[in-house]
Structures are given as C-alpha cells and as structure tokens.
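Using our numbering, the first residue of the sequence shown is number 1, and each one after it goes up by one. C-beta atoms are modelled at their ideal positions from N, C-alpha and C, and glycine is treated no differently.
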Amino acid sequence: MRSVSVLGATGSIGASTLDLIRREPGKWRIVALTANGNAAGLARLAIEFRAEIAVVADENSLPELREALAGSGIVAAGGAAALVEAATRPADITVAAIVGCAGLAPTMAAIEQGRSVALANKEALVAAGEVMTAAVARSGATLLPTDSEHNAIFQCLADNSYDHVRSITLTASGGPFRDWTMEQLHAATPAQAIKHPNWDMGAKISVDSATMFNKGLELIEAHHLFPVGLDRLKIIVHPQSVIHSMVEYRDGSTLAQLGPSDMRVPIASCLAWPERMDTPLAPLDLAAIGELTFRAPDEERFPATRLCRLAAEAGGAAPAVLNAANEVAVAAFLAGKLPFTRIAVVVEQVLARYAPPPPVSLADVMAVDTAARAEARSVLELATK
Ligand code: NAD
Ligand code: MG
C-alpha cells in the first residue's frame, strides 16, 4: 500500500489522479486532499477515498467542510497554514496540482520533507526557480515532472548524462487559436479560449495554452528541471499533440515520447515511477491519426514564448514577476475586463516596471509575487481607464 496526498484534488489534474487511484482499490492510502473553496466537492472526495485530512485554502469554506465531514472521522481544516501542515504530513508521494503561485508554499513544504513530489503546478517552479531546485537538492526530494512535456523529457532522458544532449524540444499544440489572424485574436472571448482542441484542462492553463504562455512557462520549467542551458531548449508546434516532447542526443538520435492527449498518462508515470501502472486509455492508433505535422511557433501573433525566454535569460525574480503578471492578466481576461491580446502587453509592461533583486528564500519569492500582482493591477487600471 502506498500513501498519497493530492494538493488541488478538486481540479482537473486532481480528478485525473484520483481516477487512476480509484481503479486500484486496496493499493493506495489517501493522506491529505485539498481544494480552494469547493467544500462540497472536497468532502465528497475525502469521504470516498477515506482521507486522513481535508483542507480548504479559503477559510470561509471551512464551516461548510466541517459540516459535510461531521461524524466521518476525517479532519477538516482551512487556511494557508493548514494547507502547509497537510502538505508536510508523511506520504510516499504528493501530487502538487494547485493552480498558480498559490501552490508554492504547500509544494515547498512537501519538498522540504524530502518526499517524492509529482509536480503539475508549473507556476510554483517558474516563480521559485533556484529556490525550489535548491530545496530539492538539500532535502533529497524526488521531483517527478507531471506536465506532459516534462514527463516526456524525463522519460526520454532516462539515465543519460546532460553532456550527451544536443537539444530538448518541447511540443506545443498551438492552442485553440493557432490559425487565427491578429484581428480574430483581438476579439477572442474567454469561452473560445477555454475550449482547447486536444486537452481538457482547468480555465487558467487553457487560457495560457491559447496565448502560448503555457509553453513559455514550460520553457522556464524545463530550464530548471533539465539544466542543459536555454540555448538548447526549443519549442515546436505540433497540432496533433501525439509527441509530447523530444530529446536529441549528440550522436544524432532523437528520442520522443508518444501517447494519447490525456493527463492520466503522465500522472500514471509519476504515481508508479520507477515502475509502470495500467491506465484505462485506448492504445495509440497511429494509423487512425494518419499524420503528425510540425511548424515553427509564430512569435508575432503569440509573443508569450519570447517574453518567457527573456525572463528565463534574465533569471532572478523576472520569472516570478512574469508569472504573477500573467496570473492577474488571465484573471482579468476571464472576467471580461481585458482583451485577449492585451494579456502579453500587461506582462511585458509589468516586467519593464518592476525588477526586484533575486529572491533567495520562499518568503522572498512570495513577496515578489505579491508586489508583482499589485504592479499588474495598477497596469490593468491604467489600461482600462
Ligand atoms: P484546475 O483549475 O482544474 O484545478 C486547480 C486546483 O487548485 C483545484 O483543486 C482548486 O481548488 C485549487 N486551487 C485553486 N486556487 C487555489 C488557491 N488559491 N489555493 C489553494 N488551492 C487552490 O487546474 P488544473 O488544470 O488541474 O491545473 C493544475 C495545475 O496543473 C496548474 O499549475 C496547471 O498549469 C498544471 N497542469 C495542468 C494540466 C491539465 O491538463 N489540466 C496539464 C499540465 C499541467
Ligand atoms: Mg504541458
């Protein structure tokens, strides 16, 4: 029996994780399940999986959670400190599946315990960068990349030395707007942006996928997970999302990982690592898919990848500032308050206005995140005046 905690249990990655666990009765013991404010959904999951503790980050939802779990024997807790406490409880593997920098503190708490952490929460690594990789090195934690591209790279690297790697290529679907003109992009609505052609995901990452910030954040994520140097990290648009990323070696061999576009594949790879486990997915039918196509990214229509590369090159606090500005701009877009094409403009302006010194601790990263959000909100106010 293996024990597991799922931070962000009520989200898309959380649901995929628990779907796999549900299919292996008797093999898993659930320690902590967490959510933001969805107390009813969290309580249902906690009862189904007989969790030790259920935590809502939003303290206002705690009374509802308490009531829903009354008599179950499951501990109900709420607030930021409870979230971190839950993440420190012993578990063989912690799935970090909160969206945004909100997941940073609990993810770091799990890392500090020296655990295996399946990392889906890319914003946490983008914001914290070396602060997180240093904590991994110090605590002896195992970071298992859950993002499909990084999981693909992790599998293709196997035990090869980085010295043998010529390049790493992240594939991108190109998102729902990959063939749209600039005029169409100006008028893109939240409903159109969250309707992804290949993947079924949470709202924030769906918008990131439409702007290509997702791929840019993934470039920064890859830079920290696989330190081969930014000049050896590439992005290619591959609309079918069958190849999830590739590693090219110096002898001319390129290894790629292929699979259905379903997050249960990379999640299963993390949950079972270094073994393998079953997933309920149909085998990849390449004859039915027919063609795999590729094209270079268009940074005119989608400037996000360029901005992310610049932030990665600058290093220090820049990726945390970029991430915070993007989170605020995406929320404004989803609320109907910012045109789609202004998301990247807001991010670029915040990066130009706010350049704090490099963070050296978790507290520093959180302070940069908070200040960058305030900066982004003031840029947004100017933009909408
Ligand atoms: P989602 O919006 O579906 O779920 C997010 C989860 O985080 C929910 O459980 C929610 O309750 C919780 N949460 C939200 N705000 C919070 C806060 N302030 N404090 C504490 N908890 C909070 O998102 P998702 O699509 O499951 O994505 C989760 C993470 O995984 C993101 O970082 C995303 O980039 C990454 N990821 C997702 C996919 C995917 O296919 N969905 C693929 C690769 C990577
Ligand atoms: Mg991805």
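Open item on the list: Assuming residue 108 is part of the alpha helix (DSSP H), what are its boundary residues?
Closed with: Note, residue 108: alpha helix (DSSP H), 104–112.
Open item on the list: Which residues neighbour the ligand MG when neighbourhood means a C-beta less than 7 Å away from any of its non-hydrogen atoms? List them by chain order.
Closed with: After applying the 7 Å Cβ criterion, the set is 147, 148, 149, 214, 218.
- [ ] Could you give the DSSP three-state label for residue 166: helix, strand or coil?
- [x] Three-state result, residue 166: strand.
Open item on the list: Checking the sheet assignment: what are the DSSP bridge partners for residue 247?
Closed with: Answer is 168, 255, bridged to residue 247.
- [ ] Could you name each continuous alpha helix (DSSP H) segment of 4 residues or more that falls completely within the stretch 190–249, going from the start of the chain to the end?
- [x] The stretch 190–249 contains these whole alpha helix (DSSP H) runs: 190–193, 203–211, 213–225.
Open item on the list: Any contact between the stretch 143–153 and the stretch 222–242? By contact I mean 3 or more CB pairs, one from each, below 8 Å.
Closed with: A contact exists between the stretch 143–153 and the stretch 222–242.
Task: Exposure label - residue 162; buried when at least 16 CB within 10 Å - done: Result: exposed.
Open item on the list: At the level of alpha carbons, what is the spacing between residue 276 and residue 346?
Closed with: Within the model, the alpha-carbon separation for residue 276 versus residue 346 is close to 43 Å.
Open item on the list: Can you tell me which residues form a DSSP beta bridge with residue 336?
Closed with: BP columns for residue 336 are empty, so no partner.
Task: Whether residue 212 touches residue 145 by CB criterion (8 Å) - done: Their beta carbons are not under 8 Å apart, which means residue 212 does not touch residue 145 by this criterion.
Task: 8 Å Cβ cutoff met for residue 242 and residue 157 - done: Remark: C-beta atoms of residue 242 and residue 157 do not approach each other more closely than 8 Å.
Open item on the list: Looking only at its chain, what residues have a beta carbon closer than 8 Å to the beta carbon of residue 384, apart from the 5 residues adjacent to it on each side?
Closed with: Once the five neighbours on either side are set aside, the close Cβ partners of residue 384 are 337, 338.
Open item on the list: Can you determine whether any heavy atom of the ligand NAD sits closer than 7 Å to the C-beta of residue 205, and answer yes or no?
Closed with: Yes, the beta carbon of residue 205 sits closer than 7 Å to at least one heavy atom of the ligand NAD.
Task: Cβ-Cβ separation, residue 177 to residue 187 (assumed contact under 8 Å), whole Å - done: About 11 Å separates the two Cβ atoms, so there is no contact after all.
Task: Boundaries of the beta strand (DSSP E) in which residue 119 is found, first to last residue - done: From DSSP, the beta strand (DSSP E) with residue 119 extends over 116–119.
Open item on the list: Looking at residue 110: is its Cβ nearer than 8 Å to the Cβ of residue 96?
Closed with: Yes.
Task: Helix, strand or coil at residue 317 [DSSP, three-state] - done: When secondary structure is reduced to three states using DSSP, residue 317 falls in the coil class, being assigned neither helix nor strand.
Task: residue 99 CB to nearest heavy atom of the ligand NAD below 7 Å - done: Under cutoff, so the answer is yes.
TODO: Say yes only if the C-beta of residue 151 is nearer than 7 Å to one or more non-hydrogen atoms of the ligand NAD, and no if none qualify.
DONE: Distances between the C-beta of residue 151 and the heavy atoms of the ligand NAD are all 7 Å or more.
- [ ] With residue 407 as the anchor, note down where its beta strand (DSSP E) starts and where it stops.
- [x] The question about residue 407 has no answer here: the residues shown for the chain are numbered 1 through 385.
Task: residue 373: first and last residue of the uninterrupted alpha helix (DSSP H) it sits in - done: For residue 373, the uninterrupted alpha helix (DSSP H) run begins and ends at 362–384, by DSSP.
Task: Length of the line joining the Cα atoms of residue 127 and residue 49 - done: Approximately 32 Å, taken between the alpha carbons.
Open item on the list: Can you find the residues in the same chain that come closer than 7 Å, C-beta to C-beta, to residue 59, ignoring five residues on each side of it along the sequence?
Closed with: Only 78, 79 meet the Cβ criterion.
Open item on the list: Do residue 91 and residue 4 have their beta-carbon atoms positioned less than 8 Å apart in this structure?
Closed with: Yes.
TODO: Take residue 299 and list the residues in its own chain whose beta-carbon comes closer than 8 Å to its own, dropping the five residues that flank it on each side.
DONE: These residues qualify, in order along the chain: 305, 306.
- [ ] Measure the C-alpha to C-alpha separation of residue 292 and residue 301 and round it to an integer number of angstroms.
- [x] Whole-angstrom Cα-Cα distance: 23 Å.
TODO: Compute the distance between the beta-carbons of residue 101 and residue 375, then report whether it is under 8 Å.
DONE: Contact flag unset, no.
Open item on the list: In whole angstroms, give me the CA-to-CA distance for residue 44 and residue 244.
Closed with: C-alpha separation (whole angstroms): 33 Å.
- [ ] Flag residue 59 as yes when its Cβ comes closer than 7 Å to any non-hydrogen atom of the ligand NAD, and as no otherwise.
- [x] It does not: the Cβ of residue 59 is nowhere closer than 7 Å to a heavy atom of the ligand NAD.
Open item on the list: Does the beta-carbon of residue 211, which I'm using as the reference point, lie nearer than 7 Å to any heavy atom of the ligand NAD?
Closed with: Flag unset: Cβ of residue 211 not near the ligand NAD.
Open item on the list: Does residue 218 pass the burial test, meaning 16 or more other C-beta atoms within 10 Å, or should it be called exposed?
Closed with: Classification for residue 218: buried.
Task: Exposed unless 16 or more other CB atoms sit within 10 angstroms - verdict on residue 286 - done: Label assigned to residue 286: exposed.
Task: C-alpha gap between residue 25 and residue 11, whole angstroms - done: In this structure, the straight-line span from the alpha carbon of residue 25 to that of residue 11 is close to 21 Å.
Task: Secondary structure of residue 292, DSSP reduced to three states - done: Note: residue 292 maps to coil in three-state DSSP.
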